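**Q**
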Amino acid sequence: MTTVTSNSINKEQLNFSISRYSLLNNKGELSEELPESIADMKQALHAYKTMVLGRAFDKKAIALQRTGKLGTYPSILGQEAISTAIGVALDEKDIFAPYYRDLTAQYLRGVSLKEMLLYWGGSEQGSNYQNCKKDFPVCIPIATQLSHAAGAAISLKVQGIHQAALVTCGDGATSKGDFLETLNLAGAWQLPLVMVVNNNQWAISTPRSVQCAAQTIAQKAIGAGIEGVVVDGNDYFAVLFAIKEALVKAYSGKGATLIEAVTYRLGDHTTADDADRYRDPKELKQAWKNEPIKRLQNYLLKHNLWNEDKERKLIELVASEINESVQAYLDEPKQGPESMFEFLYESIPENLYDQYAEAKYQRFQTEIDKM
Amino acid sequence: MSESHVKTLELTLIESINLALNRAMILHPEMVVLGEDVGVNGGVFRATEGLRDKFGLKRVMDTPLAEALIAGITVGMAAQGLRPVAEIQFMGFIFAAMEQLATHAARLRNRTRGRLSCPMVIRAPYGGGIHAPEHHSESTEALFAHIPGLRVVIPSSPVRAYGLLLSAIESNDPVIFLEPKRIYRLTKSNVIDNGKSLPLDSCFILREGKDMTLVSWGAMITETMQAAKILASKDIDCEVIDLATISPFDRETIVHSVKKTGRCCIIHEASRNCGVGAEIAACVSEFAFPYLKAPTSRICGYDTIMPYFQNEQDYLPSVEKIVDTVVASYASKKEAAYANI
Numbered sequence: 106m107t108t109v110t111s112n113s114i115n116k117e118q119l120n121f122s123i124s125r126y127s128l129l130n131n132k133g134e135l136s137e138e139l140p141e142s143i144a145d146m147k148q149a150l151h152a153y154k155t156m157v158l159g160r161a162f163d164k165k166a167i168a169l170q171r172t173g174k175l176g177t178y179p180s181i182l183g184q185e186a187i188s189t190a191i192g193v194a195l196d197e198k199d200i201f202a203p204y205y206r207d208l209t210a211q212y213l214r215g216v217s218l219k220e221m222l223l224y225w226g227g228s229e230q231g232s233n234y235q236n237c238k239k240d241f242p243v244c245i246p247i248a249t250q251l252s253h254a255a256g257a258a259i260s261l262k263v264q265g266i267h268q269a270a271l272v273t274c275g276d277g278a279t280s281k282g283d284f285l286e287t288l289n290l291a292g293a294w295q296l297p298l299v300m301v302v303n304n305n306q307w308a309i310s311t312p313r314s315v316q317c318a319a320q321t322i323a324q325k326a327i328g329a330g331i332e333g334v335v336v337d338g339n340d341y342f343a344v345l346f347a348i349k350e351a352l353v354k355a356y357s358g359k360g361a362t363l364i365e366a367v368t369y370r371l372g373d374h375t376t377a378d379d380a381d382r383y384r385d386p387k388e389l390k391q392a393w394k395n396e397p398i399k400r401l402q403n404y405l406l407k408h409n410l411w412n413e414d415k416e417r418k419l420i421e422l423v424a425s426e427i428n429e430s431v432q433a434y435l436d437e438p439k440q441g442p443e444s445m446f447e448f449l450y451e452s453i454p455e456n457l458y459d460q461y462a463e464a465k466y467q468r469f470q471t472e473i474d475k476m
Numbered sequence: 015m016s017e018s019h020v021k022t023l024e025l026t027l028i029e030s031i032n033l034a035l036n037r038a039m040i041l042h043p044e045m046v047v048l049g050e051d052v053g054v055n056g057g058v059f060r061a062t063e064g065l066r067d068k069f070g071l072k073r074v075m076d077t078p079l080a081e082a083l084i085a086g087i088t089v090g091m092a093a094q095g096l097r098p099v100a101e102i103q104f105m106g107f108i109f110a111a112m113e114q115l116a117t118h119a120a121r122l123r124n125r126t127r128g129r130l131s132c133p134m135v136i137r138a139p140y141g142g143g144i145h146a147p148e149h150h151s152e153s154t155e156a157l158f159a160h161i162p163g164l165r166v167v168i169p170s171s172p173v174r175a176y177g178l179l180l181s182a183i184e185s186n187d188p189v190i191f192l193e194p195k196r197i198y199r200l201t202k203s204n205v206i207d208n209g210k211s212l213p214l215d216s217c218f219i220l221r222e223g224k225d226m227t228l229v230s231w232g233a234m235i236t237e238t239m240q241a242a243k244i245l246a247s248k249d250i251d252c253e254v255i256d257l258a259t260i261s262p263f264d265r266e267t268i269v270h271s272v273k274k275t276g277r278c279c280i281i282h283e284a285s286r287n288c289g290v291g292a293e294i295a296a297c298v299s300e301f302a303f304p305y306l307k308a309p310t311s312r313i314c315g316y317d318t319i320m321p322y323f324q325n326e327q328d329y330l331p332s333v334e335k336i337v338d339t340v341v342a343s344y345a346s347k348k349e350a351a352y353a354n355i
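As structure tokens, then:
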């Protein structure tokens with residue numbers, strides 16, 4: 106065995122960086138020509154419209170929560186590019202396992218705004234997606250969705266289906282065993298899996314610096330024997346390119362990728378949080394300069410693909426789609442108490458019959474009272 | 015399956031589990047087996063022996079040593095078209111998997127209103143009595159029984175292990191299948207490999223009797239049956255019920271039996287406090303109270319930490335303890351009856 110000086114080795118190991126991939130600056134200028142796989146401008150316009158819709162929906166959802174018409178809601182403000190790029194990149198037959206800031210990806214997958222409102226409005230019906238029936242529901246327990254996506258990737262592999270599973274999580278999730286265990290398995294079993302970390306710098310009040318001493322989150326991939334990529338999460342094109350590349354790799358059986366998309370949480374953690382308690386206002390002001398929607402808009406304006414008139418029409422359309430969805434959500438009747446029993450097992454076990462009858466009676470009584 | 019292919023084999027409980035896994039792999043092409051050391055090694059107790067050679071790497075997977083991951087990928091696979099049967103090597107190591115089992119496996123059907131479900135089985139050897147190291151001997155079935163959405167099943171004989179494991183695999187609900195390792199190789203009996211499952215919503219009456227209902231499950235069925243035999247020689251005729259499905263359990267059969275015998279005693283290896291016996295006793299009290307001739311009693315492991323193996327026999331309820339408790343309960347009842355004259 107060779108004796109080594111641990112100090113020199115350690116320094117060498119720690120001092121490396123994964124460069125952050127970006128294409129689009131804040132002014133909407135490209136650093137290089139768009140790669141062919143993402144150069145479809147119709148798609149870019151669709152993505153822009155989705156991001157605008159996402160932000161408007163977000164604002165509406167917060168307003169509904171403040172007026173008691175929605176439960177606790179986690180804002181996606183500032184993180185629209187990542188989620189939208191995921192929704193654009195994924196194939197219909199891929200399997201998506203979202204975390205709770207994936208509004209626009211889910212919207213593009215076919216989850217309706219009404220379904221999202223039902224979910225955050227306290228009804229299980231919100232996860233009974235009428236489209237994208239195989240996608241996982243929003244996952245609240247941090248990082249637990251990662252192994253579900255790995256399981257989905259195994260299922261694809263066992264069945265010989267050349268598709269991929271894509272899973273998202275926040276930077277806080279990367280501290281959990283589930284994240285590291287999944288990363289490890291993704292490498293060991295060469296899974297058709299794409300793991301996207303939405304690094305928005307905050308896990309409620311805990312900043313990224315407290316979460317982990319590694320220079321990047323992406324480098325955790327190295328320890329698992331898979332590729333780790335860092336992208337500018339506010340750069341729609343860069344995120345889209347990274348995800349598309351990772352998906353192509355997964356489809357062709359070449360294994361998993363960890364993508365760290367660096368962004369900033371411009372809102373509170375949820376409507377139950379007040380970020381002013383722990384976040385430096387100067388940092389927030391700075392972060393607004395890098396926000397993703399304005400950046401993509403600048404690009405589209407520069408290339409005469411967008412104008413003020415179109416923007417005005419889009420805002421009107423978005424508002425009416427949101428308002429219709431809100432109305433449909435508010436009009437949706439509450440599920441009866443018996444629904445608690447109806448999806449617990451494939452069929453209702455006999456020893457729950459008395460409780461089930463009680464719940465049905467409860468509904469009956471409520472209806473009588475209303476008469 | 016044509017009758018000519020049906021074999022009858024004399025098997026131990028662990029061998030019948032292996033047989034059921036084999037049969038289920040043939041019957042269900044979407045079934046996969048996964049866990050630590052389940053492949054080449056055939057499982058530390060040999061439950062999965064031979065499966066990898068027969069069904070290949072794609073269907074029999076050796077996982078990394080990570081229980082939370084095993085449970086998580088099992089949920090993911092089950093939700094996406096496979097029928098996974100995962101092994102947790104010992105029940106004492108299942109706690110890392112608990113989050114996935116409680117927050118996802120049990121809830122996925124409910125939270126998606128039936129859109130996704132988890133047709134999965136988690137198998138784990140459980141219970142004491144084999145001189146194993148620390149953390150290898152606990153019986154914590156009550157923790158799982160308390161989680162709505164899970165099914166908890168414990169076989170007590172080779173025949174029931176075969177039939178119940180098949181039904182656990184065929185169930186579209188997540189099943190925690192706990193294997194009493196103390197009786198893995200205790201006795202052999204004839205198992206017919208006919209692919210027939212046993213119901214998950216029924217108890218099994220192992221012995222009919224008129225004086226006292228004894229409810230037990232898993233390895234304790236052995237001591238309970240021995241006690242029933244001794245009690246018969248003392249003119250106390252016991253009905254023995256193997257609970258088998260711990261949750262959701264077959265209340266009706268137990269209540270019906272107690273209405274007949276007027277007395278109930280529950281025997282389990284797990285600690286008494288908040289154990290499954292408490293739930294059964296409460297049901298007996300709620301639904302058979304007018305028929306009761308004596309208070310319902312529980313014979314359980316102590317409310318202590320499972321001792322290391324030097325003391326494990328002191329912890330486990332013995333045949334004598336069952337006999338003594340039943341005799342005392344039976345006597346107190348006679349006295350009570352006379353006192354009312």
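Just so you know, the sequences run in chain order C and W.
Numbering-wise, the working numbering comes out as the position in the first sequence, counting from 1, plus 105.
Numbering-wise, the working numbering comes out as the position in the second sequence, counting from 1, plus 14.
Every residue, glycine too, gets a C-beta built ideally from N, C-alpha and C.
From a predicted model like this one, the values you see are computed outputs, not experimental measurements.
Could you pull out every residue in the same chain whose Cβ sits closer than 7 Å to the Cβ of residue 471 (chain C), ignoring the five residues on either side in sequence?
**A** Here residue 471 (chain C) is taken as the residue at index 366 of the first sequence, counted from 1. No residues qualify anywhere along the chain.
**Q** For residue 138 (chain C), return the contacting residues in chain W, with the cut-off set at a CB-CB distance below 7 Å.
**A** Numbered from 1 along the first sequence, position 33 holds the residue referred to as residue 138 (chain C). What residue 138 (chain C) touches in chain W: nothing, since even the nearest Cβ is about 38 Å away.
**Q** Taking the straight line between their C-alpha atoms, what separation do you get for residue 107 (chain C) and residue 126 (chain W)?
**A** Residue 107 (chain C) sits at position 2 when you count from the first residue of the first sequence. Residue 126 (chain W) sits at position 112 when you count from the first residue of the second sequence. Because the pLDDT of residue 107 (chain C) is 49, which lies under 50, any placement of that residue in the model is unreliable, and the number read from its coordinates should be weighed accordingly. Each residue's Cα considered, the two are about 57 Å apart.
**Q** My output table needs one value for residue 305 (chain C): the three-state DSSP class, helix, strand or coil.
**A** One-based indexing of the first sequence puts residue 305 (chain C) at position 200. Note: residue 305 (chain C) maps to coil in three-state DSSP.
**Q** So is residue 461 (chain C) in contact with chain W if we call contact Cβ pairs under 9 Å?
**A** If you number the first sequence from 1, residue 461 (chain C) lands on position 356. Residue 461 (chain C) does not count as touching chain W.
**Q** So residue 397 (chain C) is in the beta strand (DSSP E); what residue range does that whole segment cover?
**A** Counting from 1 along the first sequence, the entry for residue 397 (chain C) is found at position 292. Residue 397 (chain C) -> not in any beta strand (DSSP E); alpha helix (DSSP H) instead, spanning 397-407.
**Q** What does residue 242 (chain C) reach in chain W if we use C-beta pairs closer than 7 Å?
**A** Numbered from 1 along the first sequence, position 137 holds the residue referred to as residue 242 (chain C). Under the 7 Å cutoff, chain W gives 125, 126.
**Q** For residue 215 (chain W), return the contacting residues in chain C, with the cut-off set at a CB-CB distance below 8 Å.
**A** Counted from its first residue, the second sequence places residue 215 (chain W) at position 201. Per Cβ cutoff of 8 Å: 454, 455.
**Q** Determine whether the beta carbon atoms of residue 303 (chain C) and residue 368 (chain C) lie at a separation below 9 Å.
**A** Within the first sequence, numbered from 1, the residue matching residue 303 (chain C) stands at position 198. Within the first sequence, numbered from 1, the residue matching residue 368 (chain C) stands at position 263. It is a contact, given that the beta carbons lie within the stated cut-off.
**Q** In the DSSP output, what is residue 366 (chain C) paired with across the bridge?
**A** Position 261 of the first sequence, counting from 1, holds the residue named residue 366 (chain C). According to DSSP, residue 366 (chain C) bridges with C:303, C:336.
**Q** Using the Cβ count rule (16 or more neighbours within 10 Å means buried), how would you classify residue 28 (chain W)?
**A** Translated into the one-based positions of the second sequence, residue 28 (chain W) becomes position 14. The residue is buried, with at least 16 neighbouring Cβ atoms inside 10 Å.
**Q** So, for residue 241 (chain C): in the same chain, excluding its five sequence neighbours on each side, which residues have a beta-carbon less than 6 Å away from its beta-carbon?
**A** The count along the first sequence starts at 1 and reaches residue 241 (chain C) at position 136. Only 202, 253 meet the Cβ criterion.
**Q** Listing by chain order, which chain W residues have their CB less than 9 Å from the CB of residue 256 (chain C)?
**A** Position 151 of the first sequence, counted from the first residue, corresponds to residue 256 (chain C). The answer, in chain order, is 86, 87, 88, 89, 90, 91, 92, 93, 94, 96, 98.
**Q** Closest by CA to residue 180 (chain C), which one among C:198, C:173, C:161?
**A** Here residue 180 (chain C) corresponds to residue number 75 of the first sequence, with the count starting at 1. Out of C:198, C:173, C:161, C:161 has the C-alpha closest to the C-alpha of residue 180 (chain C).
**Q** Whose C-beta lies closer than 6 Å to the C-beta of residue 194 (chain W) among residues of the same chain, with five residues either side of it excluded?
**A** Position 180 of the second sequence, counting from 1, holds the residue named residue 194 (chain W). Around residue 194 (chain W): 141, 232, 233.
**Q** Given a limit of 7 Å on CB to CB distance, which residues of the stretch 106-119 of chain W reach chain C?
**A** Hits within the stretch, in order: 113, 114, 117, 118.
**Q** Taking C-beta pairs closer than 7 Å, name the residues in chain C that residue 263 (chain W) reaches, listed in chain order.
**A** Your numbering for residue 263 (chain W) matches position 249 in the second sequence. Residues of chain C passing the Cβ test: 456.
**Q** Indicate the three-state DSSP secondary structure (helix, strand or coil) for residue 265 (chain C) in the structure shown.
**A** The residue labelled residue 265 (chain C) in the question sits at position 160 within the first sequence. It is coil, neither helix nor strand.
**Q** Leaving out five residues on either side along the sequence, give the residues of the same chain with a beta carbon under 6 Å from the beta carbon of residue 285 (chain C).
**A** To locate residue 285 (chain C), count along the first sequence from 1; it is residue 180. Counting only Cβ-Cβ distances below 6 Å, and skipping sequence neighbours, we find nothing.
**Q** I want to see whether chain C comes within less than 9 Å of residue 275 (chain W), judged by CB atoms only; does it?
**A** As a first step, residue 275 (chain W) is located in the second sequence; it is residue number 261 there, counting from the start. No, its Cβ sits nowhere closer than 9 Å to a Cβ of chain C.
**Q** What is the rounded straight-line gap between the Cα of residue 207 (chain C) and the Cα of residue 188 (chain C)?
**A** For the purposes of this step, residue 207 (chain C) is identified with residue 102 of the first sequence, where counting begins at 1. For the purposes of this step, residue 188 (chain C) is identified with residue 83 of the first sequence, where counting begins at 1. Going by the C-alpha atoms only, they are around 5 Å apart.
**Q** Cβ closer than 9 Å: which chain W residues qualify as neighbours of residue 283 (chain C)?
**A** Start at 1 with the first residue of the first sequence, and residue 283 (chain C) comes out as number 178. Those are 82, 83, 86, 113, 114, listed as they occur along chain W.
**Q** Taking only the alpha-carbon atoms, compute the straight-line gap between residue 185 (chain W) and residue 133 (chain W) and give it to the nearest angstrom.
**A** Here residue 185 (chain W) refers to the residue found at position 171 of the second sequence. Here residue 133 (chain W) refers to the residue found at position 119 of the second sequence. For residue 185 (chain W) and residue 133 (chain W), the distance between alpha carbons rounds to 6 Å.
**Q** So within the stretch 204-267 of chain W, which uninterrupted beta strand (DSSP E) runs reach at least 3 residues, ignoring any that extend past its ends?
**A** Here the runs fully enclosed are 218-221, 226-230, 252-256, 259-261.
**Q** Determine the direct distance from the alpha carbon of residue 215 (chain W) to that of residue 343 (chain W), and round the result to whole angstroms.
**A** Within the second sequence, the letter at position 329 stands for residue 343 (chain W). Within the second sequence, the letter at position 201 stands for residue 215 (chain W). So the alpha carbons of these two residues sit roughly 29 Å apart.
**Q** Provide the residue span of the beta strand (DSSP E) that contains residue 109 (chain W), from first to last.
**A** Taking the first residue of the second sequence as 1, we reach residue 109 (chain W) at position 95. Unbroken run through residue 109 (chain W): none, as it is neither H nor E.
**Q** Please determine whether the Cβ atom of residue 228 (chain W) lies at a distance below 8 Å from any heavy atom of the ligand MG.
**A** What this structure holds is no ligand at all, so the ligand MG is not there to describe.
**Q** Which residues, in order along the stretch 215-240 of chain C, keep a beta-carbon less than 8 Å from a beta-carbon of chain W?
**A** So the list reads 229, 230, 232, 233, 234, 238, 239, given in the order they occur along the chain.
**Q** My output table needs one value for residue 106 (chain C): the three-state DSSP class, helix, strand or coil.
**A** As a position in the first sequence, residue 106 (chain C) is number 1, starting the count at 1. In this predicted model, residue 106 (chain C) has a pLDDT of only 45, less than 50, meaning its place in the structure is not dependable enough to derive any value.
**Q** Go ahead and pull the three-state DSSP assignment for residue 304 (chain W).
**A** Residue numbering aside, residue 304 (chain W) sits at position 290 when the second sequence is read from its first letter. Correct three-state label for residue 304 (chain W): helix.
**Q** Express the C-alpha separation of residue 175 (chain C) and residue 339 (chain C) in angstroms, rounding to a whole number.
**A** Counting from one through the first sequence, the residue named residue 339 (chain C) turns up at place 234. Counting from one through the first sequence, the residue named residue 175 (chain C) turns up at place 70. Going by the C-alpha atoms only, they are around 28 Å apart.
**Q** On the three-state DSSP scale, how would you describe residue 151 (chain W)?
**A** In the second sequence, counting from the first residue as 1, residue 151 (chain W) sits at position 137. Residue 151 (chain W): coil per DSSP, three-state reduction.
**Q** Can you find a CB in chain W that lies within less than 9 Å of the CB of residue 477 (chain C)?
**A** An answer regarding residue 477 (chain C) cannot be provided, because it is not within the stretch 106 to 476 covered by chain C.
**Q** How is residue 174 (chain W) classed by DSSP in three states: helix, strand or coil?
**A** As a first step, residue 174 (chain W) is located in the second sequence; it is residue number 160 there, counting from the start. In the structure shown, residue 174 (chain W) sits in a helix (DSSP, three-state: H, G or I).
**Q** Provide the residue span of the beta strand (DSSP E) that contains residue 143 (chain W), from first to last.
**A** For the purposes of this step, residue 143 (chain W) is taken as residue 129 along the second sequence, with counting starting at 1. Here residue 143 (chain W) belongs to no beta strand (DSSP E), and DSSP marks it neither H nor E.
**Q** Tell me, please, which residues DSSP counts as bridged to residue 23 (chain W).
**A** As a working note, residue 23 (chain W) is residue 9 in the second sequence. Residue 23 (chain W) pairs with W:205.
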